[in-house]
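For reference, the structure discussed in these notes is given below.
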Amino acid sequence: MDKNSKIYVAGHRGLVGSAIVKNLLQKGYKNIVVKMHNELDLTEQQQVREFFAKEKIEYVFLAAAKVGGILANNTYRADFIYENMQIQNNIIYQSYRNGVKKLLFLGSSCIYPKNAPQPISEESLLTSSMEYTNEPYAIAKIAGIKMCESYNVQYGTNFISVMPTNLYGPNDNFDLNTSHVLPALLRKIHEAKINGKKTVEIWGSGTPRREFLYSEDMADACVFIMENVDFKDLIKDKKEIRNTHINIGTGEDLTIRELASIIKKVVGFEGEFVFDATKPDGVMQKLCDVTKLSNLGWRYKTVLEDGIRKVYKIFNEKR
Numbered sequence: 154m155d156k157n158s159k160i161y162v163a164g165h166r167g168l169v170g171s172a173i174v175k176n177l178l179q180k181g182y183k184n185i186v187v188k189m190h191n192e193l194d195l196t197e198q199q200q201v202r203e204f205f206a207k208e209k210i211e212y213v214f215l216a217a218a219k220v221g222g223i224l225a226n227n228t229y230r231a232d233f234i235y236e237n238m239q240i241q242n243n244i245i246y247q248s249y250r251n252g253v254k255k256l257l258f259l260g261s262s263c264i265y266p267k268n269a270p271q272p273i274s275e276e277s278l279l280t281s282s283m284e285y286t287n288e289p290y291a292i293a294k295i296a297g298i299k300m301c302e303s304y305n306v307q308y309g310t311n312f313i314s315v316m317p318t319n320l321y322g323p324n325d326n327f328d329l330n331t332s333h334v335l336p337a338l339l340r341k342i343h344e345a346k347i348n349g350k351k352t353v354e355i356w357g358s359g360t361p362r363r364e365f366l367y368s369e370d371m372a373d374a375c376v377f378i379m380e381n382v383d384f385k386d387l388i389k390d391k392k393e394i395r396n397t398h399i400n401i402g403t404g405e406d407l408t409i410r411e412l413a414s415i416i417k418k419v420v421g422f423e424g425e426f427v428f429d430a431t432k433p434d435g436v437m438q439k440l441c442d443v444t445k446l447s448n449l450g451w452r453y454k455t456v457l458e459d460g461i462r463k464v465y466k467i468f469n470e471k472r
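Numbering (the working numbering), first residue to last: 154 to 472.
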């Protein structure tokens, strides 16, 4: 990409998309295209076709998706598979049809098997069954990876897939019914403090281990890959073209109980936690192997507690 390249960021209002736009602007990119949902419904094939034909996009960051935590994924199973398939099918196909030079597709680490060896390498994909609660979402994201790989193989496109670990940061979703674990805990603990409660109930046993990456670090990794990595770099010495996606994370994890303790410290809550072991834990550990990314030359910058402090400051400012 050069500074005047026409770059489309799909999902620019979301956690990752907004961070990508910010990163691009900071690095001097001047020609960034974004569309609100009422201007462009990415699930509608005709609207996406007309958009790409008109705009002559050169580079695409595909960060648009329907996302949520365990409760949302398990409750809205049909919505998660349908909407995500529609969005990625429309954008990837129109990127091919309209000669987009490069596309970055954002998946999710939930694509990996429930019992994958830890840390999870890219080679673990499709080696066994996935976690039930988010299987429809995971299948949609796997389809996106395979679609990118297939267009690259058949048509010579330059579409790269990245798999982020659990993300948090500015523009996060703090709705307790649809949010991920970190923003949900932050809100619950904050409200307990404000309301003078002595306890906070947390779903599950508190023992599952999770990895967390600050969204602005994720955006930096995405732009780094778009600037420095091509699909051909990912298929050297491969007899079969598969598992070309790149894990993006910190390579470090902690328990949900430890995460809650950090948030408790940041928020200043003085009460106790009550863990409801009747609620689902999900996968017991989900740590990404980031060797491929490290070998490409990128590493995260934001320490978890520092990132949570930044998010909590923004959370308070918006309330």
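Idealized CB from N, CA, C, for every residue including glycine.
Please read all numbers here as calculations on a predicted model, not as lab measurements.
Legend entry - Three-state class that DSSP yields for leucine 279 in the structure shown: coil
Inset, instruction - Check whether the region 437-456 touches the region 228-244, counting contact only when three or more Cβ pairs, one atom from each stretch, lie closer than 8 Å. - result: no
Inset, instruction - List the whole-angstrom C-beta distance separating alanine 269 from serine 277, where the pair is believed to meet the contact cut-off of C-beta under 8 Å. - result: 4 Å
Legend entry - leucine 339, DSSP secondary structure in three states: helix
Legend entry - DSSP three-state assignment for valine 213, whether helix, strand or coil: strand
Inset, instruction - Report yes or no: do the region 285-295 and the region 331-341 share at least 3 C-beta pairs separated by less than 8 Å? - result: no
Legend entry - Beta-carbon gap between arginine 462 and aspartate 406 smaller than 9 Å: no
Legend entry - Length of the line joining the Cα atoms of leucine 108 and glutamine 247: Because residue 108 is not part of the residues shown, which for the chain are 154 to 472, the question remains open.
Legend entry - Separation of leucine 256 from cysteine 375, as counted between CA atoms: 11 Å
Inset, instruction - Could I get the ranges of all uninterrupted beta strand (DSSP E) runs contained in the region 371-440, with 3 residues as the minimum, in chain order? - result: 399-401 and 425-429
Legend entry - For valine 464, the nearest candidate out of Thr331, Asp373 and Asn324 (CA to CA): Asn324
Inset, instruction - Count the C-beta pairs between the region 392-404 and the region 299-318 that are closer than 8 Å, then say yes if the count reaches three, no if not. - result: yes
Legend entry - Close beta carbons around glycine 222, own chain, < 8 Å, minus the five adjacent residues each side: Thr331, Ser332, His333, Val334 and Ala337
Inset, instruction - Using the Cα positions of valine 201 and methionine 189, report the straight-line distance between them to the nearest angstrom. - result: 13 Å
Legend entry - Alpha carbon of isoleucine 409 to alpha carbon of asparagine 157, nearest angstrom: 43 Å
Inset, instruction - Specify, as a first and last residue, the run of the alpha helix (DSSP H) that asparagine 227 falls within. - result: 223-228
Legend entry - Local Cβ density within 10 Å of asparagine 227, reported as buried at 16 or more and exposed below that: buried
Legend entry - Residue span of the beta strand (DSSP E) that contains phenylalanine 468, given as start and end: Counting along the chain, phenylalanine 468 falls outside any beta strand (DSSP E), though it belongs to the alpha helix (DSSP H) covering 457-471.
Inset, instruction - Would you list the residues sitting across from alanine 291 in a DSSP beta bridge? - result: Alanine 291 pairs with nothing; no bridge assigned.
Legend entry - For asparagine 319, three-class secondary structure by DSSP: strand
Inset, instruction - Rounded to whole angstroms, what's the CA-CA distance from glutamate 423 to glutamate 197? Just pull it up for me. - result: 49 Å
Legend entry - Outcome for valine 382 when other beta-carbon atoms lying within 10 angstroms are tallied against a minimum of 16: buried
Inset, instruction - Taking only the alpha-carbon atoms, compute the straight-line gap between arginine 472 and alanine 206 and give it to the nearest angstrom. - result: 41 Å
Inset, instruction - Since I believe glutamine 241 is in contact with methionine 154 (beta carbons under 8 Å), could you give me their beta-carbon distance rounded to a whole number of angstroms? - result: Incorrect: roughly 21 Å between the Cβ atoms, too far for contact.
Legend entry - Backbone CA spacing between leucine 366 and lysine 209 [nearest angstrom]: 33 Å
Legend entry - For lysine 351 and methionine 238, the rounded distance between their alpha carbons: 44 Å
Inset, instruction - Kindly indicate the opening and closing residues of the alpha helix (DSSP H) around valine 169. - result: 168-179
Legend entry - Coil, strand or helix - threonine 256 by DSSP: Correcting the residue type first, residue 256 is leucine in the shown sequence and not threonine. Three-state DSSP puts leucine 256 in a strand.
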